[in-house]
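Have a look at the structure below before the remarks.
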Amino acid sequence: MDRTGFSLALAGFGATLVLGSLPASAQHIAQTRQQVATQGHIATGGLMIEQTASQAGFDQWISGFKARAVAKGISPRVVDAAFQGVRFNDSIIAKDRNQSEFTKEIWDYLDSAASPVRVSNGQKMLRKYGPTLDAIERAYGVDKEVVLAVWGMESSYGETRGDIPVIEALATLAYDGRRGDFFESQLVAALQILQAGDVSPRNMTGSWAGAMGHTQFIPTSFLAYAVDGTGDGKRDIWSNDPTDALASTAAYLARHGWTKGQPWGVEVRLPQGFDYSSAQRSNTASPATWASRGVTGLDGRAVPNYGPGAILLPAGASGAAFMVFDNFRVIERYNAADAYVIGVGHLSDRIKGGPEIQASWPRGYQPLSFKQKEQMQRILKRKGFLNDKVDGLIGPNTVNAIRDFQRSIGVTPDGYPSQTLLGQLR
Numbered sequence: 055m056d057r058t059g060f061s062l063a064l065a066g067f068g069a070t071l072v073l074g075s076l077p078a079s080a081q082h083i084a085q086t087r088q089q090v091a092t093q094g095h096i097a098t099g100g101l102m103i104e105q106t107a108s109q110a111g112f113d114q115w116i117s118g119f120k121a122r123a124v125a126k127g128i129s130p131r132v133v134d135a136a137f138q139g140v141r142f143n144d145s146i147i148a149k150d151r152n153q154s155e156f157t158k159e160i161w162d163y164l165d166s167a168a169s170p171v172r173v174s175n176g177q178k179m180l181r182k183y184g185p186t187l188d189a190i191e192r193a194y195g196v197d198k199e200v201v202l203a204v205w206g207m208e209s210s211y212g213e214t215r216g217d218i219p220v221i222e223a224l225a226t227l228a229y230d231g232r233r234g235d236f237f238e239s240q241l242v243a244a245l246q247i248l249q250a251g252d253v254s255p256r257n258m259t260g261s262w263a264g265a266m267g268h269t270q271f272i273p274t275s276f277l278a279y280a281v282d283g284t285g286d287g288k289r290d291i292w293s294n295d296p297t298d299a300l301a302s303t304a305a306y307l308a309r310h311g312w313t314k315g316q317p318w319g320v321e322v323r324l325p326q327g328f329d330y331s332s333a334q335r336s337n338t339a340s341p342a343t344w345a346s347r348g349v350t351g352l353d354g355r356a357v358p359n360y361g362p363g364a365i366l367l368p369a370g371a372s373g374a375a376f377m378v379f380d381n382f383r384v385i386e387r388y389n390a391a392d393a394y395v396i397g398v399g400h401l402s403d404r405i406k407g408g409p410e411i412q413a414s415w416p417r418g419y420q421p422l423s424f425k426q427k428e429q430m431q432r433i434l435k436r437k438g439f440l441n442d443k444v445d446g447l448i449g450p451n452t453v454n455a456i457r458d459f460q461r462s463i464g465v466t467p468d469g470y471p472s473q474t475l476l477g478q479l480r
């Protein structure tokens, strides 16, 4: 889905209290208890003052936002009902800012994404909702196993849909200001959903970041792509019945160009002497052309003609290689992370009865921290290989810079950021 990641390396929002030390000599128990109680009262009072100040500022912001929402066509009645009981939620700010220094490696991610339990549960859901999924597949031309895989990835087949009031979450994030415009636009969209009558404020729950329902639509994506799969006149992606959510997910993928029957990608074998610089998403060729360069399926034969494909190396030269097709890019529109797309694709294959990934992963590898990624980019920039900002994010420009550096020192130019690479740069 068209989502944006949320991360910030700051401390969580909220008050920090430091209690004064107890008296060194307390001759009377009653006196000591009184002093402790007084100190506790002062400390608690400080917290109350800070919380009251936050709530007061939040209430003022809500007043201004309500006027803006009404000016955009939201009924005052809908606005007032939506904000009934809404308070500034500092636990949401803490979640927004509590980003881990390390991210999961692809093999750890896939161990979870396509775990035996998740595969088994997906196959159970395929049997349970078979007729519904068949109808959705016919209506939208999206393979049912892929729809199931998105459901499994997003909420473990409905088990973890999120129970945070969406209006409170989005209002808190919009008021906080780090990405205020984005979250305010989502908040307006959420009010439009309420105004359309698809759900009540009480039942509009989701994640701390405002993603909703079985397949975690953000409000703007809901407005653009959600559909009524049950025919009851509502697009209810929150219901215990997942039909609307599954149909909406299929509609989303269909609108972004899904090709039925085309795989997201297939695992391939690379020949000795493979030109790793050709493994770029922008470098597509037919499977026959790749076969002429020695790239084959695991059976040693040319990959079937599923259309132009690119070679993807999520762990560099030391891990699995995939030939990915246009449907990979469609899943990317749901979540742009390569690991997520591979996770959805591989889970869908496993639900269908396909094999596990055959290549081994470099599981002993120690991942780079965010700070180490920044350091790597700074060195690449200083050496003249990177002409881009230092942000700790490994995008195409950084990968190409890594490849150029690797070529300059005569090692395999797979573009993979690693501790070995950082050592070579130093």
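Throughout, our numbering is defined as the position within the sequence shown, counted from one, plus 54. Don't be surprised by glycine CBs; every beta carbon is placed ideally from N, CA and C. Fair warning: this is a prediction, and the values are worked out from it, not measured in the lab.
Where E213 is concerned, there is no enclosing beta strand (DSSP E), because DSSP gives it neither an H nor an E.
In its chain, beyond the 5 residues on either side, K427, P471 have a beta carbon closer than 8 Å to the beta carbon of I448. The beta-carbon distance between L224 and G264, rounded to whole angstroms, is 5 Å. This is short enough to meet the 8 Å contact definition. Secondary structure remark: continuous beta strand (DSSP E) runs of at least 3 residues inside the segment 313-350, in chain order: 319-323. In chain order, I146, K149, I218, A223 place their CB closer than 6 Å to the CB of W262, counting only its own chain and leaving out the 5 sequence neighbours on each side. A direct Cα-to-Cα measurement between A110 and E191 gives close to 50 Å.
By the neighbour-count criterion, in which 16 or more other beta carbons inside 10 Å mark a residue as buried, V171 falls on the exposed side. T214 sits exposed, since fewer than 16 C-beta atoms from the chains shown fall within 10 Å of its C-beta.
A residue is called buried once 16 or more other Cβ atoms fall within 10 Å of its Cβ, and S166, having fewer, is exposed. For F376, the enclosing beta strand (DSSP E) covers residues 375-378. T343 counts as exposed, since fewer than 16 other beta carbons sit within 10 angstroms of its beta carbon.
Taken through DSSP and simplified to helix, strand or coil, L352 comes out as coil.
Secondary structure remark: continuous beta strand (DSSP E) runs of at least 3 residues inside the segment 229-305: none found. Shown here, P368 sits in coil according to DSSP, grouped into three states, outside any helix or strand. By the C-beta density criterion, Q473 is exposed, having fewer than 16 other C-beta atoms within 10 angstroms. If you ignore the 5 residues before and after T226, its C-beta comes within less than 7 Å of the C-beta of F142, N143, I146, I147, all in its own chain and listed in chain order.
If you ignore the 5 residues before and after R335, its C-beta comes within less than 6 Å of the C-beta of A364, all in its own chain and listed in chain order.
In this structure, DSSP gives P416 a state outside helix and strand, which the three-state scheme calls coil. Under the DSSP assignment, L447 falls outside any alpha helix (DSSP H); it carries neither an H nor an E label. Among the bridge pairs identified by DSSP, P219 is matched with T259. Just measuring C-alpha positions, the residue of L248, F379, A189 sitting nearest D290 is L248.
Counting only runs that start and end inside the segment 421-477, the alpha helix (DSSP H) elements of at least 4 residues fall at 424-436, 450-462. By a beta-carbon distance limit of 8 Å, P368 does not contact D403. Their separation comes to about 16 Å.
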